[in-house]
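*Asks:* Numbering (full-length UniProt numbering), first residue to last: 6 to 575. The beta carbon of each residue, even a glycine, is placed where N, CA and C say it ideally should be. Just so we're clear, the structure is a prediction, and the values are computed from it rather than from any experiment. The structure under discussion is supplied below as structure tokens; questions concerning it will follow.
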Amino acid sequence: RRLFEQTAPTIPANTFLADRVLASIVRRRCASYSDLASSDLTRFAYVLNSPEALQNERDANQHLPILHTHNEWGARVNRIDTAHGWKAMKDLAAREGLIALGYTSSDPSSASNSNRRIHQFAKLFLFSPRSAMFICPLAMTDGAARVLLSLAPQNSRARTEFLPRLLSRDPARFATSGQWMTEKPGGSDVANSETVALPVPFLQTSDIADHPSFLVHGRKWFSSATDADITLLLAREGVPLHNNADPNNLNDFTFRETSRGLSLFFGEVWVDNGSKQAAEIHHHAIRSVQTLNGISIVTLKNKHGTKQLPTAELEINGMRATRIGDPFKGVKAVAIMLNITRLYAAIGSVAGLRYCLFVAKDFAAKRIVFGKLLVNQPLQACVLADLEILTAALTHSVFYVVELLGITESDETASHDDAVLLRFLTPVMKAWCSKLSIAGTSECMEALGGVGYIEETGISTVLKDISVNAIWEGATNVMSLDLVRVLVETKGAAANIFVQKMKNILDSCTILGQEHPKHPLSRSKAIIESLLVNFPAHCESVLEHHQQSRSLLFLVGYIVASVLLIEQAV
Ligand code: MFK
Ligand code: FAD
6 RRLFEQTAPT IPANTFLADR VLASIVRRRC ASYSDLASSD LTRFAYVLNS
56 PEALQNERDA NQHLPILHTH NEWGARVNRI DTAHGWKAMK DLAAREGLIA
106 LGYTSSDPSS ASNSNRRIHQ FAKLFLFSPR SAMFICPLAM TDGAARVLLS
156 LAPQNSRART EFLPRLLSRD PARFATSGQW MTEKPGGSDV ANSETVALPV
206 PFLQTSDIAD HPSFLVHGRK WFSSATDADI TLLLAREGVP LHNNADPNNL
256 NDFTFRETSR GLSLFFGEVW VDNGSKQAAE IHHHAIRSVQ TLNGISIVTL
306 KNKHGTKQLP TAELEINGMR ATRIGDPFKG VKAVAIMLNI TRLYAAIGSV
356 AGLRYCLFVA KDFAAKRIVF GKLLVNQPLQ ACVLADLEIL TAALTHSVFY
406 VVELLGITES DETASHDDAV LLRFLTPVMK AWCSKLSIAG TSECMEALGG
456 VGYIEETGIS TVLKDISVNA IWEGATNVMS LDLVRVLVET KGAAANIFVQ
506 KMKNILDSCT ILGQEHPKHP LSRSKAIIES LLVNFPAHCE SVLEHHQQSR
556 SLLFLVGYIV ASVLLIEQAV
């Protein structure tokens, strides 16, 4: 008698072709460029399912980074060994132009900025759940590229040497960036930062655009992807008390308290033998003669998820750095980066949910319970259908905001209203997509029963990895208060712009049979319209009572998703 064995669920061979929502977004939002984008996405999805890519993914998930702080002679070293699969992710990201695509087009004739951002983020959507968290350094690299493009002087090394490397499609040249903000006393509230940057006087008189002109001293409490090539970091900028101020002596400087004393700095993580510390770097050949730039790696964090990612605590003692942007405007400068990485957190979360839903649906098509395929049990069919709607809602919403990002980055198409709307919706997508995707992914785990809880079936890793998206880049309360910040700074105009944009979309939706108010779409439309009528007043009330800002954030997410689903359905 043969004993039962469950057939394992599989994901589709091509996760782009199998994702009708993503395919329809690319068709609609890439306009005349959509055929090119779609064929590239189809090809890329096959690449991700190739034996080589699957092996790299497994390897990166299994062989976690290891920190070596001392060599066999007891000498202090800073060596992080990362998996072959992790390094392969970087090479693949370069070859596929996962950053470059957002900035330069391989087909300039037909692709607008927003087309390119949609194409890029659609690729990231496919890549994220297969990337063993390499999506994280990519997010920071994209954010850093945007900062350098916006703020670094034209003739600076950051601009001429490193920006092209962040955007390179050549694996041997491609560089990634870190983002060092969080310190022990201040992750959300960076005003408490203790790290200082002291100007180096003899370099101030030379061409500072070309020379490191600060020495940084301090500690950073979380540094993701510590194997990055460069980093952008916040530090309290010292003002010299006299002409002979020594950049290694804190007493020669005065500091502004609050976050208005912080500036943003650019530094290479690795430099050509500039440090006394010996470092053996098992990465690209380019690093073989390099050492850390005044940085010591204290430890790698033992995390709930994202274990593939080398997240370290750092001590910084004389790191050479240049300021990016105006002095004491560091928070404003790094916000350019944050607004990009927050969209990555949103996309990465939804992509994780999409992936797990593929698994849950395939399992339901193979598993028999109480005499029927699970998918044919009406109750489970409803659970899976709800998850499909949730995934579609989140995917449409986040790509709507990605399109806004592309539009606002383009000189030709940028409008004030689009910029305000992008600013308003970015924290919403970050928090709302993360929260709902984590809940949805947990539901996918349950949909597999006990085996869903087993590490090797894949959902567990995704759930643990995407859980961090609610925390890093600003936790949900911080995003809710950021929404309030936008309302305050625009004196409420953001609320009106949001209402108008949503109404415009709804007005363009002609619902067949809408003369019947009981038509489900007409009823949904009417509900959203009434929410929009009350929305500005609701925002005013939140300005009085900040504790309501979280529910406002969720309401905005709900409205965007509903409007876009109605638009899709008609
Ligand atoms: C798959 C995903 C991959 C993602 C990978 C990421 C790896 C992990 C990396 C990290 O986690 S990096 C650390 C991320 N840290 C944060 O996100 C910090 C969260 N805390 C906040 O966001 C706080 O609200 C904030 C630090 C901004 C508070 O700082 P302040 O200085 O007390 O805020 P303030 O005074 O309100 O704003 C200062 C200026 O910045 C203002 O401009 P002005 O100088 O013109 O007045 C603000 O308008 C501006 N600003 C703040 N947030 C902004 C912004 N501007 C644009 N966009 C924003 N989001
Ligand atoms: P806190 O700021 O102490 O926040 C604790 C709680 O208080 C949160 O829930 C928050 O929402 C809430 N809160 C804060 N302010 C308010 C308020 N005013 N009202 C109500 N509630 C509030 N940081 C980097 O700089 N670079 C990195 O590369 C990096 N990588 C990371 C990797 C991982 C895996 C993790 C987990 C974190 C990483 N971080 C990184 C740090 C991350 O950005 C911070 O942990 C995060 O911003 C929260 O800061 P905190 O830990 O200091 O928490």
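What residue does the alpha helix (DSSP H) around Q125 start on, and which one ends it?
*Replies:* Looking at the DSSP string, the run of the alpha helix (DSSP H) that includes Q125 is 118 to 132.
*Asks:* Please report how far the alpha carbon of M145 lies from the alpha carbon of C387, in whole angstroms.
*Replies:* Spanning the two alpha carbons is a distance of roughly 38 Å.
*Asks:* Between which two residues does the alpha helix (DSSP H) holding N66 run?
*Replies:* That run of the alpha helix (DSSP H) goes 56 to 67.
*Asks:* Whole angstroms are fine: how far does the CA of P70 sit from the CA of N83?
*Replies:* Their Cα atoms are separated by approximately 13 Å.
*Asks:* In whole angstroms, what is the alpha-carbon distance linking G102 and D175?
*Replies:* Each residue's Cα considered, the two are about 9 Å apart.
*Asks:* Would you kindly work out how many angstroms separate the C-alpha atoms of N381 and F368, rounded to a whole number?
*Replies:* Rounded to whole angstroms, N381 to F368 spans 12 Å at the Cα level.
*Asks:* With DSSP collapsed to three states, give me the class of W91.
*Replies:* W91 falls in the helix class under three-state DSSP.
*Asks:* DSSP on K306, reduced to helix/strand/coil?
*Replies:* If DSSP states are grouped into helix, strand and coil, K306 belongs with coil.
*Asks:* Expressed to the nearest angstrom, what Euclidean distance is found between the alpha-carbon atoms of R151 and D251?
*Replies:* Going from the Cα of R151 to the Cα of D251 covers about 33 Å.
*Asks:* Does the Cβ-Cβ distance between R438 and V355 come in under 8 Å?
*Replies:* Reading the sequence as shown, one finds Cys at residue 438 and not Arg. Yes, these two residues count as a Cβ contact at 8 Å.
*Asks:* When the distance is taken between beta carbons, is D470 closer than 8 Å to G479?
*Replies:* Not a contact, by the Cβ cut-off of 8 Å.
*Asks:* Taking 8 Å as the threshold (C-beta atoms), are R63 and residue 576 in contact?
*Replies:* Since the first and last residues shown for the chain are 6 and 575, residue 576 lies out of range.
*Asks:* Does the structure place the segment 458 to 470 close enough to the segment 389 to 404 that three or more beta carbon pairs sit under 8 Å?
*Replies:* At 8 Å Cβ cutoff, the stretches do not touch.
*Asks:* Give me the Cα-Cα distance between R292 and H89, rounded to the nearest whole angstrom.
*Replies:* Because R292 carries a pLDDT of 43, less than 50, the predicted location of this residue cannot be relied on, and no value is offered for it.
*Asks:* With a threshold of 16 other CB atoms inside 10 Å of the CB of T263, please say whether the residue is buried or exposed.
*Replies:* That one is exposed.
*Asks:* Taking DSSP's pairing of strands, which residues face E188 in a bridge?
*Replies:* Looking at the DSSP assignment, E188 forms a beta bridge with G191.
*Asks:* Inspect the beta-carbon positions of residue 3 and E242 and report whether they are closer than 8 Å.
*Replies:* Shown here, the chain extends from 6 to 575; a query on residue 3 therefore has no answer.
*Asks:* For a test of the three-state rule: what should DSSP assign to H401, helix, strand or coil?
*Replies:* Here H401 sits in helix by DSSP.
*Asks:* Who are the near neighbours of G148 in its chain, counting only those whose CB is closer than 6 Å to its CB and skipping five residues on each side?
*Replies:* Answer for G148: M342, I345, T346, listed in chain order.
*Asks:* Helix or strand or just coil, what does DSSP make of R25?
*Replies:* Here R25 sits in helix by DSSP.
*Asks:* What's the call for S133, buried or exposed, on a 16-neighbour Cβ count within 10 Å?
*Replies:* That one is buried.
*Asks:* Taking C-beta to C-beta, are G183 and T236 nearer than 8 Å?
*Replies:* A contact, by the Cβ cut-off of 8 Å.
*Asks:* For K281, I'd like the list of residues in its chain whose CB is within less than 6 Å of its CB, leaving aside the five on either flank, ordered along the chain.
*Replies:* Residue placement at K281 is poorly supported in this model, since its pLDDT is 38, which falls under 50; the coordinates are not used for a value here.
*Asks:* Can you tell me where the beta strand (DSSP E) holding S268 begins and where it ends?
*Replies:* S268 -> beta strand (DSSP E) spans 267 to 273.
*Asks:* So with Cβ pairs under 8 Å, would you call A480 a contact of chain D?
*Replies:* Note that chain D does not occur in the displayed structure, where there is just one protein chain.
*Asks:* I'd like the span of the alpha helix (DSSP H) that includes P541, first residue to last.
*Replies:* Segment 525 to 549, the alpha helix (DSSP H) holding P541.
*Asks:* Please classify L384 as buried or exposed, where buried requires at least 16 other C-beta atoms within 10 Å of its C-beta.
*Replies:* Flag for L384 reads exposed.
*Asks:* Closer than 8 Å by C-beta to L22: which residues in its own chain qualify, once you throw out the five before and the five after it? Chain order, please.
*Replies:* Result list for L22: A28, T47, A50, in chain order.
*Asks:* Just how far apart, CA to CA, sit D24 and A475?
*Replies:* In a straight line, the C-alpha of D24 is about 25 Å away from that of A475.
*Asks:* Return yes when the Cβ of L537 is within less than 8 Å of the Cβ of K508, no when it is not.
*Replies:* Taking 8 Å as the Cβ cut-off, K508 and L537 qualify as a contacting pair.
*Asks:* For a test of the three-state rule: what should DSSP assign to M450, helix, strand or coil?
*Replies:* It is helical.
*Asks:* Measuring CB to CB, does S268 end up less than 8 Å from A340?
*Replies:* Cβ atoms of S268 and A340: not closer than 8 Å.
*Asks:* Assign N66 to buried or exposed, taking buried as 16 or more other Cβ atoms, counted over all protein chains shown, within 10 Å of its Cβ.
*Replies:* Under this definition N66 is a buried residue.
*Asks:* Is W185 buried or exposed, if buried means 16 or more other CB atoms sit within 10 Å of its CB?
*Replies:* Its Cβ being crowded by 16 or more others within 10 Å, W185 is buried.
*Asks:* Looking at the ligand FAD, does it come within less than 7 Å of N307, judged from the CB to the closest heavy atom?
*Replies:* False, no ligand heavy atom lies under 7 Å from that Cβ.
*Asks:* Using the C-alpha atoms, what's the distance from G335 back to L255?
*Replies:* Whole-angstrom Cα-Cα distance: 20 Å.
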